[in-house]
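**Q** Could you have a look at this structure, given as structure tokens, before my questions?
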Ligand SMILES: [Zn+2]
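Residue numbers (this note's numbering), protein chains in the order written: chain A, 14 to 309; chain B, 4 to 308.
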């Protein structure tokens, strides 16, 4: 934890922040260490955006190299300056007593504005006592405020690690409904399950019935759980007149360990497309699709 | 210099929590780029401090997000309104809650605070909140009473001065012809709420501008859950144009003065809605000035309350 502390602090200094802003945060850290008072901390947490804006951060080469020594699924490079500052402050809260720590966090969530809420959820994978924030995260997923939802659902390893299955499935489905990029959800392979796969099939049928397209990364959680309706869906994808949907079908079958999938692949896969798809991946397919259909 | 087709507006007093998405759409089309939503009375008295907490949270959270969907930048003021200051048990708890919100982003003032019935309790919490505003270095939005207005307005300013609040940091709202002179003479910003229904009202605003000029005068709608018009600011601007008020004066009272007054919070900046190329971010969402597309009907009934 000391390592990540230092790392966040180094980001604050290398991003050409005003000297007054650095002095301010140093003073606050001292104050927290000397005499931690929740009411003062709430004000400090809010005031942080007056000193550290919402622009994206730049990492030095050295910092990028250092990133690789942390959990690679924590995407610090995507954080905003204000988030780095706020999360750095969160990590200064005394951690010797779980109840105190959790209560302070609960109160922060309770009165958070949009940016504060996003920072709190972004911080989840770095917080001590992670199990204590499961309910808060489930509650957070009910939001319709896109930046807050994204902070939980995308580029964040916490949900895959701690959410129960029903909540995790809910996250996946809601991300689809909100038009978020499924590919940016962390840990899909690990958390895929039969229930989710069959819900995806229902979701896709609804979309098709409405004459709408489905982003290919929607299928990411299905390869190991292809039941009869899903196998039918995959066949339908193979017959699509869109190359990207055929490529998606190939990728699903290639990733699947199920014999039924291999059989479909042998029957349907056009040989050149399969050759090309050797180099394909969910990342490439997802990028191509969003480049074609959406400006995100 | 702005011309008719590029006039932008700020409505520095509007309660969007009580308004619909149709309003947001119409406001955006009419050229409103930024709004300030003061914390106020919801019509139904609150009985728990938690209701205040969730209300304040929605002002800095959900409503801010909702507004953004329509290309309008949303700010708010935080405070205990004068009506509910009379519930002293609750008022104490709300006072303890306020410090949690005053430092939040986009909180541009303490408000709306002041007098309703001019009771002792109202006086107590008005003073406590002036103190809070001074500590937080935030402007103050003062609601003046609808009954006994002239005396209540004078008293509000007396108390502000007694507490050493800087008049330049205070906006006195809901003025009329009877109060404006004293408010301006004493160095305060003077805001006017334009309410629908009598044709005279809108015309009255024009007359006030002709008499006093545009310095430190601010026009707002105070639109809420009652009969009110979220387009009051652009409609009044349109009438001003027709009555020959110079464009520069209209720009001041319908945009710049509000920005100057509440910008003193450090939380409201033109860059929040105009990018480096000078393009108003909201235009990407749709439309632009009302005065370009559908001109607001200036003959529509508006009045100063
Ligand atoms: Zn009001």
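For each residue, glycine too, the CB sits at the ideal point set by N, CA and C.
1. Would residue 124 of chain A count as contacting chain B if we go by Cβ distances under 7 Å?
2. Does residue 225 of chain B have its Cβ less than 7 Å from a Cβ in chain A?
3. Smallest Cα separation from residue 17 of chain A: which of A:66, A:81 and A:65?
4. Quick check on residue 63 of chain B - is its C-beta less than 7 Å from some C-beta in chain A?
5. At a Cβ cut of 8 Å, what residues of the segment 64 to 75 of chain B count as close to chain A, listed as they run along the chain?
6. Return the residue from the list A:270, A:208, A:91 and A:51 that minimises the CA-CA distance to residue 121 of chain A.
7. How many angstroms separate the CA atom of residue 118 of chain B from the CA atom of residue 127 of chain B?
8. Based on the DSSP output, what are the partners of residue 80 of chain B in its beta bridges?
9. Give every residue of the same chain whose Cβ lies closer than 7 Å to the Cβ of residue 209 of chain B, excluding the five residues on either side of it in the sequence, and list them in chain order.
10. Determine the direct distance from the alpha carbon of residue 269 of chain B to that of residue 280 of chain B, and round the result to whole angstroms.
11. Residues of chain E with a CB under 9 Å from the CB of residue 60 of chain B: which are they?
12. Within a Cβ cutoff of 6 Å, which residues of the same chain sit near residue 76 of chain B, ignoring the five residues on either side of it in sequence?
13. Pairing CB atoms from the segment 107 to 116 of chain B with CB atoms from the segment 127 to 145 of chain B, are three or more of them under 8 Å?
14. Are the beta-carbon atoms belonging to residue 39 of chain B and residue 59 of chain B less than 7 Å from one another?
15. Could you tell me which chain A residues have their CB closer than 7 Å to the CB of residue 108 of chain B, listed as they occur along the chain?
16. Return the chain-ordered list of same chain residues with a C-beta closer than 7 Å to the C-beta of residue 302 of chain A, the five sequence neighbours on each side being excluded.
17. Taking the straight line between their C-alpha atoms, what separation do you get for residue 50 of chain B and residue 266 of chain B?
18. Since residue 182 of chain B is in the beta strand (DSSP E), which residue starts that stretch and which ends it?
19. Note down the Cα distance separating residue 280 of chain A from residue 259 of chain A, rounded to an integer number of angstroms.
20. Report whether the distance from the Cβ of residue 236 of chain A to the nearest heavy atom of ligand 1 is below 6 Å.
21. Please report the distance separating the alpha-carbon of residue 151 of chain B from that of residue 123 of chain B.
22. Could you work out which residue in A:231, A:24, A:204 and A:180 is closest to residue 65 of chain A when comparing CA atoms only?
23. Quick one: does the C-beta of residue 144 of chain A sit closer than 6 Å to a heavy atom of ligand 1?
24. Rounded C-beta distance between residue 190 of chain B and residue 170 of chain B? I'm assuming under 8 Å.
25. In the DSSP output, which residue or residues are listed as bridge partners for residue 14 of chain B?
26. Classify residue 6 of chain B as helix, strand or coil using the three-state DSSP reduction.
27. Considering only heavy atoms of ligand 1, does any lie closer than 6 Å to the CB of residue 48 of chain B?
28. Ignore the nearest five residues each way along the sequence and tell me which others in residue 41 of chain A's own chain have a CB closer than 6 Å to its CB.
29. Could you confirm whether any beta carbon from chain A is found closer than 7 Å to the beta carbon of residue 22 of chain B?
30. Can you find at least 3 beta carbon pairs, one from the segment 132 to 143 of chain A and one from the segment 159 to 171 of chain A, that sit closer than 8 Å?
31. Three-state secondary structure (DSSP) at residue 281 of chain B?
32. If we call anything under 7 Å between Cβ atoms a contact, is residue 15 of chain B one with residue 261 of chain B?
33. Considering only residues of the same chain and omitting the five flanking positions on each side of residue 97 of chain B, which have a CB-CB separation below 7 Å?
34. Assuming residue 163 of chain A contacts residue 193 of chain A under a Cβ cut-off of 8 Å, what Cβ separation, rounded to an integer in Å, is found between them?
35. Residues near ligand 1, CB to any non-hydrogen atom under 7 Å, in chain order?
36. Does any CB atom of chain A fall closer than 7 Å to the CB of residue 103 of chain B?
**A** Straight from the coordinates:
1. The sequence position of residue 124 of chain A within the first chain is 111, counting from 1. With its beta carbon less than 7 Å from one in chain B, residue 124 of chain A belongs to the interface.
2. Your numbering for residue 225 of chain B matches position 222 in the second chain. Not closer than 7 Å to any Cβ of chain A, the Cβ of residue 225 of chain B fails to qualify, so no.
3. Position 4 of the first chain, counted from the start, is the residue given in the question as residue 17 of chain A. Closest by C-alpha distance to residue 17 of chain A, out of A:66, A:81 and A:65, is A:81.
4. For the purposes of this step, residue 63 of chain B is taken as the residue at position 60 of the second chain. Closer than 7 Å to the CB of residue 63 of chain B there is at least one CB belonging to chain A.
5. Close to chain A, meaning a Cβ-Cβ distance shorter than 8 Å, are the following residues of the segment 64 to 75 of chain B: 64, 65, 67 and 68.
6. Counted from its first residue, the first chain places residue 121 of chain A at position 108. Of A:270, A:208, A:91 and A:51, the residue nearest in Cα terms is A:51.
7. Reading the second chain from its first residue, position 115 is the one you call residue 118 of chain B. Reading the second chain from its first residue, position 124 is the one you call residue 127 of chain B. Whole-angstrom Cα-Cα distance: 10 Å.
8. Mapped onto the second chain, residue 80 of chain B falls at position 77. Checking the DSSP bridge columns, you'll see residue 80 of chain B partnered with B:41 and B:112.
9. Taking the first residue of the second chain as position 1, residue 209 of chain B is located at position 206. Answer for residue 209 of chain B: 242, 243, 246 and 248, listed in chain order.
10. As a position in the second chain, residue 280 of chain B is number 277, starting the count at 1. As a position in the second chain, residue 269 of chain B is number 266, starting the count at 1. Low confidence applies to residue 280 of chain B: its pLDDT is 49, below 50, so where it sits in the model is not reliable enough to give any reading.
11. No chain E is present in this structure, whose protein chains are A and B.
12. Locating residue 76 of chain B in the second chain gives position 73, where the first residue counts as 1. If the five residues before and after residue 76 of chain B are omitted, its C-beta is found closer than 6 Å to the C-beta atoms of 37, 275 and 276, all from its own chain and listed in chain order.
13. At 8 Å Cβ cutoff, the stretches touch.
14. As a first step, residue 39 of chain B is located in the second chain; it is residue number 36 there, counting from the start. As a first step, residue 59 of chain B is located in the second chain; it is residue number 56 there, counting from the start. In this structure, residue 59 of chain B does not lie closer than 7 Å to residue 39 of chain B by Cβ.
15. If you number the second chain from 1, residue 108 of chain B lands on position 105. Ordered by position in chain A, the residues that pass the 7 Å Cβ test against residue 108 of chain B are 62, 126 and 128.
16. Looking up residue 302 of chain A in the first chain gives position 289. Once the five neighbours on either side are set aside, the close Cβ partners of residue 302 of chain A are 228, 229 and 257.
17. Taking the first residue of the second chain as 1, we reach residue 50 of chain B at position 47. Taking the first residue of the second chain as 1, we reach residue 266 of chain B at position 263. Distance between the alpha carbons of residue 50 of chain B and residue 266 of chain B is about 33 Å.
18. Start at 1 with the first residue of the second chain, and residue 182 of chain B comes out as number 179. Taken as a continuous stretch (DSSP letters only), residue 182 of chain B belongs to no beta strand (DSSP E), as it is neither H nor E.
19. As a first step, residue 280 of chain A is located in the first chain; it is residue number 267 there, counting from the start. As a first step, residue 259 of chain A is located in the first chain; it is residue number 246 there, counting from the start. Between residue 280 of chain A and residue 259 of chain A, the C-alpha separation is close to 13 Å.
20. By one-based count along the first chain, residue 236 of chain A stands at place 223. Answer for residue 236 of chain A: no, Cβ out of range of ligand 1.
21. Counted from its first residue, the second chain places residue 151 of chain B at position 148. Counted from its first residue, the second chain places residue 123 of chain B at position 120. Here the alpha carbons of residue 123 of chain B and residue 151 of chain B stand approximately 16 Å from one another.
22. Residue 65 of chain A sits at position 52 when you count from the first residue of the first chain. Here the closest residue by C-alpha is A:24.
23. Along the first chain, read from residue 1 onward, the residue named residue 144 of chain A stands at position 131. Checking the Cβ of residue 144 of chain A against ligand 1 gives no.
24. Within the second chain, residue 190 of chain B is the residue found at index 187, counting from 1. Within the second chain, residue 170 of chain B is the residue found at index 167, counting from 1. Confirmed, Cβ separation roughly 4 Å.
25. In the second chain, residue 14 of chain B corresponds to position 11, counting from 1. DSSP, once it has assigned bridges, lists B:38 as partnering residue 14 of chain B.
26. For the purposes of this step, residue 6 of chain B is identified with residue 3 of the second chain, where counting begins at 1. The pLDDT assigned to residue 6 of chain B is 47, lower than 50, so where the model puts this residue is not dependable; a value taken from the coordinates is nonetheless given after this. Coil at residue 6 of chain B, not helix or strand.
27. The residue you call residue 48 of chain B lines up with position 45 of the second chain. It does not: the Cβ of residue 48 of chain B is nowhere closer than 6 Å to a heavy atom of ligand 1.
28. Reading the first chain from its first residue, position 28 is the one you call residue 41 of chain A. Closer than 6 Å at the Cβ level, and outside the excluded window around residue 41 of chain A, lie 57.
29. If you number the second chain from 1, residue 22 of chain B lands on position 19. The Cβ of residue 22 of chain B sits no closer than 7 Å to any Cβ of chain A.
30. Segments in contact, yes.
31. On the second chain, residue 281 of chain B is found 278 positions in, with the first residue counted as 1. The predicted model places residue 281 of chain B with a pLDDT of 49, which falls under 50 and marks its position as unreliable; any figure quoted below should be read in that light. In this structure, residue 281 of chain B counts as coil in the three-state DSSP scheme.
32. By one-based count along the second chain, residue 15 of chain B stands at place 12. By one-based count along the second chain, residue 261 of chain B stands at place 258. Result yes, Cβ atoms of residue 15 of chain B and residue 261 of chain B sit closer than 7 Å.
33. Along the second chain, read from residue 1 onward, the residue named residue 97 of chain B stands at position 94. Once the five neighbours on either side are set aside, the close Cβ partners of residue 97 of chain B are 52, 55 and 83.
34. Against the first chain, residue 163 of chain A aligns to sequence position 150. Against the first chain, residue 193 of chain A aligns to sequence position 180. Contact between residue 163 of chain A and residue 193 of chain A holds, since their C-beta atoms are separated by about 6 Å, short of 8 Å.
35. Listed along the chain, these residues meet the criterion: B:16, B:18, B:41, B:43, B:115, B:146, B:225 and B:227.
36. Here residue 103 of chain B refers to the residue found at position 100 when the second chain is read from its first residue. Using beta-carbon distances, residue 103 of chain B counts as an interface residue toward chain A, with a partner under 7 Å.
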